[in-house]
Amino acid sequence: MADLERGERLQIMLSMDELRAVENWRFEKRMPSRAAAVRELLRRGLAAEGFLTAGEGVTSGRFGVVDKAGADASREPDDK
11 MADLERGERL QIMLSMDELR AVENWRFEKR MPSRAAAVRE LLRRGLAAEG FLTAGEGVTS
71 GRFGVVDKAG ADASREPDDK
């Protein structure tokens with residue numbers, strides 16, 4: 011594991027509800043750190059979505075941990 015290089019830092023802001031969801035998942039899965047949990051969630055999300063990219067013009071506010079509005083970039087926030 012010492013040969014694994016992570017040269018880029020990714021900083022994100024989360025609401026308290028989003029952070030609570032990540033932390034609850036982390037502890038349930040017994041992840042060693044918050045960073046490891048976020049990397050695993052990213053890996054799972056990318057795999058589940060088949061590495062789909064966001065639609066053009068979609069703002070970062072449309073993507074959240076708890077609210078899945080950003081998961082389908084072609085939908086408007088009011089579409090159900």
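So the numbering used here is basically just the index in the sequence shown, starting at one, shifted up by 10.
We put the CB at the ideal spot given by N, CA and C, even for glycine.
Query raised in the report: On the three-state DSSP scale, how would you describe leucine 20?
Result: In the structure shown, leucine 20 sits in coil (DSSP, three-state: anything other than H, G, I, E or B).
Report task. Measure the Cβ-Cβ separation of arginine 36 and alanine 47 and say whether it is below 8 Å. Result -> yes
Query raised in the report: Are there 16 or more other CB atoms within 10 angstroms of the CB of arginine 72, so buried, or fewer, so exposed?
Result: buried
Report task. Just the C-alpha distance for leucine 20 and glutamate 38, rounded to the nearest angstrom, thanks. Result -> 24 Å
Query raised in the report: In terms of residue numbering, what span does the alpha helix (DSSP H) encompassing glutamate 33 cover?
Result: 26 to 38
Query raised in the report: Where does glutamate 59 sit, in a helix, a strand or coil, going by DSSP?
Result: coil
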